[in-house]
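Residue numbers (this note's numbering), protein chains in the order written: chain A, 1 to 234; chain B, 1 to 234. A virtual CB, placed ideally from N, CA and C, is assigned to each residue, including glycine. All remarks here apply to the structure that follows.
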């Protein structure tokens with residue numbers, strides 16, 4: 001592979017707000033090319049996410065958008081999370097304890113290590129050395145696998161590869177959700193084509209943890225979320 | 001989960017020699033129970049491995065043997081390895097450079113991080129805290145993801161989990177292949193029901209890197225490999 005100042009990149013793209021902003025950041029601000037966007041279909045309730053991912057990949061000019069079928073994940077973790085169809089109901093945010101160090105019910109065991117391990121394999125097989133993912137640490141509640149420590153340690157593991165080691169980057173990791181809205185607006189990201197709701201409805205519910213968090217972020221950023229909502233908590 | 005002195009365990013079981021010996025070691029010498037054996041179907045050429053895995057899981061009294069469909073892996077790494085059907089031909093050992101620090105053509109990019117990340121997710125979802133895998137460092141050639149360093153670093157990553165963190169164990173990591181034969185014989189492992197050959201034939205070929213390595217290990221251990229071979233290099 002010829003080294004250029006703007007080498008290619010793999011971007012993990014869920015179709016949510018964070019990874020959509022990340023994708024446009026990588027393509028337009030970091031000028032990476034070609035960009036390979038990867039999405040994972042793990043039987044998530046919110047399949048609208050994958051449609052949003054495809055839309056954003058095209059909008060950002062990604063050379064490749066690969067959707068990986070991981071439908072086996074549901075049987076692997078057998079209803080241990082409410083994020084996968086067949087799992088428990090997604091609770092309203094009020095039912096969660098945001099200060100708890102435990103994980104919310106939407107947590108998928110070890111999800112980021114699984115997705116990053118696969119993305120790193122893809123990158124290595126395609127002679128790409130950089131993988132970007134949209135970890136964003138200051139969520140309403142924290143996932144252990146979205147932290148700086150996690151990033152450091154998984155990179156220390158990948159660095160043992162005797163071929164050209166792949167590095168994972170999470171440039172949004174220190175940003176608050178409201179800052180992501182501002183960054184996205186500056187980049188011209190069309191948030192109408194992103195999907196965050198954890199419930200599987202036609203419209204975003206407006207009351208599940210991510211909907212509440214998303215609406216709060218737009219409010220803090222002084223922006224209007226273009227997505228229609230079934231109900232907005234007041 | 002009630003803590004006992006012999007807690008349950010997840011064992012990564014390929015159906016090869018190493019993981020079969022490991023499975024019997026975990027069940028009979030470490031007295032772990034129940035044992036959940038996990039195998040991955042990633043379109044490997046040597047599907048006989050999976051039949052061997054099922055046989056060994058039953059022989060070792062594993063409570064569960066789950067085969068995870070990872071057939072997407074081939075498209076993810078698009079012929080970047082000869083271990084997956086559709087990849088390059090498996091070369092004879094003579095065509096390899098055993099002293100090279102590069103990986104052999106049978107190397108699957110980042111395979112062990114992928115499989116261990118999935119096994120850790122399975123363990124966490126089932127409230128099991130220990131995952132065993134058959135890394136065995138003194139192979140004819142070395143995989144970077146079978147080293148002690150790799151094990152240490154992936155465990156450091158998993159230790160960040162705020163729930164009960166899962167730990168990966170590789171009790172065979174310091175053993176030479178010939179020692180594994182001896183250990184397996186002492187445990188009564190029926191090596192006729194293990195499969196190592198990387199080619200997809202009816203009989204083990206006897207000339208691919210793993211066949212050569214396996215035959216050498218049996219010879220060194222002063223034991224006879226009960227598997228029939230198509231051809232044995234002299």
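Measuring only the C-alpha atoms, how far is residue i from residue j?
i                      : j                      : result
residue 29 of chain A  : residue 22 of chain A  : 10 Å
residue 174 of chain A : residue 19 of chain A  : 14 Å
residue 63 of chain A  : residue 27 of chain A  : 10 Å
residue 110 of chain A : residue 157 of chain B : 10 Å
residue 147 of chain B : residue 71 of chain A  : 31 Å
residue 223 of chain B : residue 34 of chain A  : 54 Å
residue 87 of chain B  : residue 78 of chain B  : Residue placement at residue 87 of chain B is poorly supported in this model, since its pLDDT is 49, which falls under 50; the coordinates still yield a value, given next. The alpha-carbon atoms of residue 87 of chain B and residue 78 of chain B are separated by roughly 8 Å.
residue 203 of chain B : residue 211 of chain B : 11 Å
residue 17 of chain B  : residue 47 of chain B  : 15 Å
residue 143 of chain B : residue 154 of chain B : 15 Å
residue 150 of chain B : residue 219 of chain A : 44 Å
residue 116 of chain A : residue 116 of chain B : 12 Å
residue 176 of chain A : residue 176 of chain B : 51 Å
residue 172 of chain B : residue 188 of chain B : 17 Å
residue 67 of chain A  : residue 124 of chain B : 26 Å
residue 152 of chain B : residue 152 of chain A : 14 Å
residue 69 of chain A  : residue 207 of chain B : 35 Å
residue 61 of chain A  : residue 131 of chain A : 17 Å
residue 49 of chain B  : residue 201 of chain A : 43 Å
residue 15 of chain B  : residue 163 of chain B : 31 Å
residue 225 of chain A : residue 209 of chain B : 58 Å
What three-state label does DSSP hand residue i in the structure shown?
i                      : result
residue 131 of chain B : strand
residue 56 of chain B  : helix
residue 147 of chain A : coil
residue 117 of chain B : helix
residue 30 of chain B  : coil
residue 12 of chain B  : strand
residue 35 of chain A  : strand
residue 41 of chain B  : strand
residue 6 of chain B   : coil
residue 168 of chain A : strand
residue 221 of chain A : helix
residue 154 of chain A : helix
residue 21 of chain A  : helix
residue 204 of chain A : strand
residue 236 of chain B : Absent from the model: residue 236 of chain B. The displayed extent of chain B is 1 to 234, so no value can be given.
residue 189 of chain B : coil
residue 198 of chain A : coil
residue 212 of chain B : helix
residue 122 of chain A : helix
residue 64 of chain B  : strand
Checking 9 Å against the spacing of the C-beta atoms, do residue i and residue j come in under that value?
i                      : j                      : result
residue 39 of chain A  : residue 76 of chain A  : no
residue 133 of chain A : residue 112 of chain A : yes
residue 11 of chain B  : residue 126 of chain B : no
residue 107 of chain A : residue 74 of chain A  : no
residue 178 of chain B : residue 217 of chain B : yes
residue 205 of chain A : residue 214 of chain A : no
residue 114 of chain B : residue 114 of chain A : yes
residue 145 of chain B : residue 159 of chain B : no
residue 57 of chain A  : residue 190 of chain A : no
Just confirm the distance between the C-beta atoms of residue i and residue j, as a whole number of angstroms; I'd bet it's less than 8 Å.
i                      : j                      : result
residue 230 of chain A : residue 181 of chain A : Contact flag wrong, Cβ pair sits at about 21 Å.
residue 183 of chain B : residue 31 of chain B  : About 16 Å separates the two Cβ atoms, so there is no contact after all.
residue 37 of chain B  : residue 65 of chain B  : 5 Å
residue 128 of chain A : residue 8 of chain A   : 5 Å
Let me see if you follow: with CB-CB separation under 9 Å, is residue i close to chain E or not?
i                      : result
residue 150 of chain B : The structure shown has no chain E; the protein chains it does contain are A and B.
Counting Cβ pairs closer than 8 Å, one from the segment 117-128 of chain A and one from the segment 162-174 of chain A, do we hit at least three? yes
Count the C-beta pairs between the segment 183-200 of chain A and the segment 51-64 of chain A that are closer than 8 Å, then say yes if the count reaches three, no if not. yes
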